[in-house]
Each structure stands twice: as structure tokens, then as C-alpha cells.
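Step one of this worksheet: look at the structure below.
In this note's numbering, the protein residues as written are 764 to 1209.
Below, the structure written as C-alpha cells:
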């Protein structure tokens, strides 16, 4: 939603290649340690204030100094400066080939207004420079956006967009068919194939995503610190059955993170479904009568469906699974405290291989909640962040991917499709593989 309110310095096109946004052009020094961005002139925030290079500097330095969730994307940044109102200079400690992806991906770095943040107003009425502005919200229910007539990219066709949060996909589909809403990304997966054929006044489209879904085991707890136990669980899983139950054919099983079709894809699948091998490995680890606490959330119903299949598969090798279903706020709290044996979740909107691996598998990294640590993987992930030769970088990430899978750091399950539906009244909307939802070029025929 926020990609409709905020802008980033650069942004990915439909092919996920980075192109201009607030920055119209950029250059790099010969040693690739200095990136100079030229900003678009005449850009204003939705409250009328001009957006200058100082806003970019403030936005980036705030993330770094306050150690916000995106801070790991700035680990190679030495400084961010603004020599003039339309120029931003990012100085690096090491070459960073994925800098543009870090700054502009779907989970990129929004340029915020300093006064809006420091006054605290950002919590209730955030101010950005995107095609729409926040007009109001009801916590847990809806967010209302109105057109930003001063948007630098041209006046949006829509008067506004109201996002209403509907957890039940059946209700979301009913609302779409009934005309109460004109767009949804929450369709019942078992009905998608039929909806694509029937039409029924609704357009449904899907495309391969850059997401992955996985099972994580808490390596800070016994017996999950034992590689044989983790590998046993990996062999016990039937990914085809899990994928079918969770996504009804709208996903492709994969034992690595990066989906087939990406230039970074690494084909590697060492864990066939082999309960006998799983039992043998558990025996070697001296594990019998294991009970696993598996944490899932109704926020992502596919985790609940997948957990039920996984529980049945692990029961077949002597592991009893207790499924613990939490609301997402509780889930995140428990994850942060490492209060789990295992959890199911997905990682969404990735572009560069660094996004697939570093924050999740580097020792002590931001999202390494499961306690994985391998110095060899750390070395590879660090090298991948600074390697500028594409072929060498691909080899580095292939090695890292293989080791992560061999160590059963994550037990990867599948790469899903992005599935969205909209009314026949909607024009100009495109489903994106990075899951960004952009309404700036969308119209509505009445």
C-alpha cells in the first residue's frame, strides 16, 4: 500500500530492473565506492513542501542511526551527503553491486519528510511524495488515500483508493463480485482456476513471484541444533503435498529460496521425500518421542494449511507436532523472543540474491531468529555483497545456497504465484512479480 504514498530514489520496472523515480540519473566512480544521484526537480510532498536532497539524506541517516529494520541494507554505506538541493552522494566502504535494489525495491527505502517524522504525525498521517496521500485510517480496518494532485508523475486518474482489510478470502471474493470493492489480493486459492475461466464480471490474473515460503527450526533449542535432526525433518517432508494443500497449484515446490526463472536460480534438491531416511537420521541423533511446537498465524492462512500436512508427515517418522496458531502481533513477539521450536512463514518481494539470504542466514543478522550460524556461509554472503563481476557473484550465491540447504538452515517449501482479482471496471492495472501494488496509472470506468 505504501508504494502509493511514498517514493524511493529508484524503483523496479515490470522486469525488476531498477529505473528512475525520485532520481532521474546516477553515476558511479571508477572504484565503485561513490554513487552520485541527480534528483528530479520540482518534486513536492503531498503537503506542498519541496522535496530536496536533504530529505534523502535525512531518510537514510535515520534508518542507519535508529537501526530500523532496513538498516542492514546500509552496512557498506560510509556517508550520505547533499552537495546541492538536487544531488545526493552515497559513499561506500566497499563496492555494493546491489545498492540500487537496496534503495528501490518493493521493500526499499521510502523518502520521508523530516517534520512529519519528528512531530510524530507520521504515525497517523504520513506525508510522502507519491501519487496518493493518506486522508485517514481506522486501525485494523481501513486506510483511505486521496489523489495527490501535485504528484510529479502526472495527475492520477483515480480520486482516491480505500484499502479495507478483509481476512476471509471468501468474503473478499463476495465483496468483489458484489461491487463493494474493485480489487483484492485475497482470493480463495481453491477457486482461482475456476475464476480465471468463468470471468463472472471479475478479472483474475497471476504470475510467478519472487517470494518463498519455508519452515524454520530453532537451532538455539535441542534437538534442533543437531544437523541430523534438521535433515531428518527435511527428508520427512513431501513438498508436493504441502504445496497442494497450501496453495492449490498456485505455487511450485522448491528446495532453495530463489525461484526457477530468475537468473539467480540454483537448481538443487537433495531432500527427496524419504520417511525411512528420516527415521534413520533421528535414530543416529538419539531422538525418540520428539514433540515439536510449530508456530503459525491466521494472518497467512497458508501457514495453517501447510502445518496440518507437515504434522501428518512428521507423525509418520515419530515426531508429534503441536500447532500453535497466533495472531500476527503475538507471532512476531514470540519469534523475536525465540519462543518456538519451529515456525512457518514466507519472505516476500525479493529482487537481489542478497535479499533472499543475508538477513536470514548471516550470523546475528536482523531476521536470523532461528539462530543459524556457519562461518563459511557468512564469508560467502559477505563476498556476494561486494562482488561486482556478475558471473563470479552468481557462483558465490550458488555456493551459499547449497550450504544453507545442506545445513537445513531453512527448509524451503515453495515459491508461490502472485494472484489478484479486480472488477471489469478497473483499467490499467498490472500484477507484479515483486508483489508491489501500484494504482498511479489505474482508472475506473463507471
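Cβ coordinates follow ideal geometry from the N, Cα and C atoms, glycine included.
In DSSP terms, what residue 1179 is bridged to:
1014
Threshold first: 4 residues or longer. Then list the alpha helix (DSSP H) segments lying entirely within the stretch 895–952, N to C.
DSSP runs (the alpha helix (DSSP H)) wholly in the stretch 895–952: 932–940.
Residue from 1040, 1018, 1043, 1026 with nearest C-alpha to residue 1032
Checking every option, the nearest Cα to that of residue 1032 belongs to 1018.
Is residue 928 buried or exposed, if buried means 16 or more other CB atoms sit within 10 Å of its CB?
Exposed: under 16 other Cβ atoms inside 10 Å.
Under the DSSP definition of a beta bridge, which residues are partnered with residue 1086?
1057
Could you check whether the Cβ of residue 776 sits closer than 7 Å to any heavy atom belonging to the ligand MN?
No copy of the ligand MN appears in this structure; indeed no ligand is present at all.
How do the stretch 887–905 and the stretch 916–926 stand: do at least 3 beta-carbon pairs fall below 8 Å, yes or no?
yes
Starting from the Cα of residue 1130, find the closest Cα among 1186, 817, 1102, 1098 and give me that residue.
1098
Mapping the DSSP letters down to three states, classify residue 1206 as helix, strand or coil.
strand
For residue 1078 and residue 1065, I'd like the C-alpha separation in whole angstroms.
20 Å
Per-residue burial, residue 809 [other beta carbons within 10 Å of its own, 16 or more giving buried]:
buried
Mind checking whether residue 1013 and residue 1107 have CB atoms under 8 Å apart?
no
Would you say residue 816 and residue 847 are within 8 Å of each other, going by their C-beta atoms?
Against a cut-off of 8 Å, the Cβ pair of residue 847 and residue 816 comes out as a contact.
Euclidean distance between Cα positions of residue 1161 and residue 999
25 Å
Please name the residue, chosen from 777, 853, 1103, 837, that lies closest to residue 844 on a Cα-to-Cα basis.
853
For residue 1109, which of helix, strand or coil comes out of DSSP?
strand
Bridge partners of residue 977, per DSSP?
Partner(s): 1108, 1175.
May I have the straight-line CA-CA distance separating residue 1041 from residue 837, to the nearest angstrom?
41 Å
Could you check which residue in 1132, 1128, 867 has the C-alpha nearest to that of residue 1094?
1132
Stretch-stretch touch, CB-based, cutoff 8 Å, three pairs: the stretch 933–952 with the stretch 1186–1193
yes
Any idea what DSSP makes of residue 1038, helix, strand or coil?
Reduced to three states, the DSSP call for residue 1038 is helix.
8 Å Cβ shell around residue 954 - same chain, five flanking residues per side excluded:
936
Please report the distance separating the alpha-carbon of residue 1082 from that of residue 1016.
Per the coordinates, the alpha-carbon of residue 1082 lies some 23 Å from the alpha-carbon of residue 1016.
Measuring alpha carbon to alpha carbon, tell me which residue in 1060, 1051, 1024 is nearest residue 1096.
1060
Outcome for residue 1183 when other beta-carbon atoms lying within 10 angstroms are tallied against a minimum of 16
buried
Check whether the stretch 1166–1180 touches the stretch 992–1011, counting contact only when three or more Cβ pairs, one atom from each stretch, lie closer than 8 Å.
Between the stretch 1166–1180 and the stretch 992–1011 there are three or more C-beta pairs closer than 8 Å, enough to call the two in contact.
Between residue 1088 and residue 1101, what straight-line distance do the alpha-carbon atoms span, to the nearest angstrom?
16 Å
Measure how close the beta-carbons of residue 766 and residue 1200 come, nearest whole angstrom, since I'm counting them as under 8 Å.
7 Å
Simplified DSSP assignment, three categories, for residue 790:
strand
With a cut-off of 8 Å on the beta carbons, I'd call residue 976 and residue 813 a contact; round off their distance for me.
Taking a contact as a CB-CB distance under 8 Å, the pair residue 976 and residue 813 does not count as one, their CB atoms being some 43 Å apart.
How many angstroms separate the CA atom of residue 1009 from the CA atom of residue 1068?
5 Å
If you draw a straight line from the alpha carbon of residue 797 to that of residue 877, how long is it in whole angstroms?
25 Å
Minimum C-alpha distance to residue 988 - residue among 911, 959, 1135
1135
Where residue 862 and residue 1124 are concerned, what is the direct C-alpha to C-alpha distance, given to the nearest angstrom?
20 Å
Contact criterion: CB-CB distance below 8 Å. Does residue 973 meet it with respect to chain C?
The chain inventory of the structure shown lacks chain C, comprising one protein chain alone.
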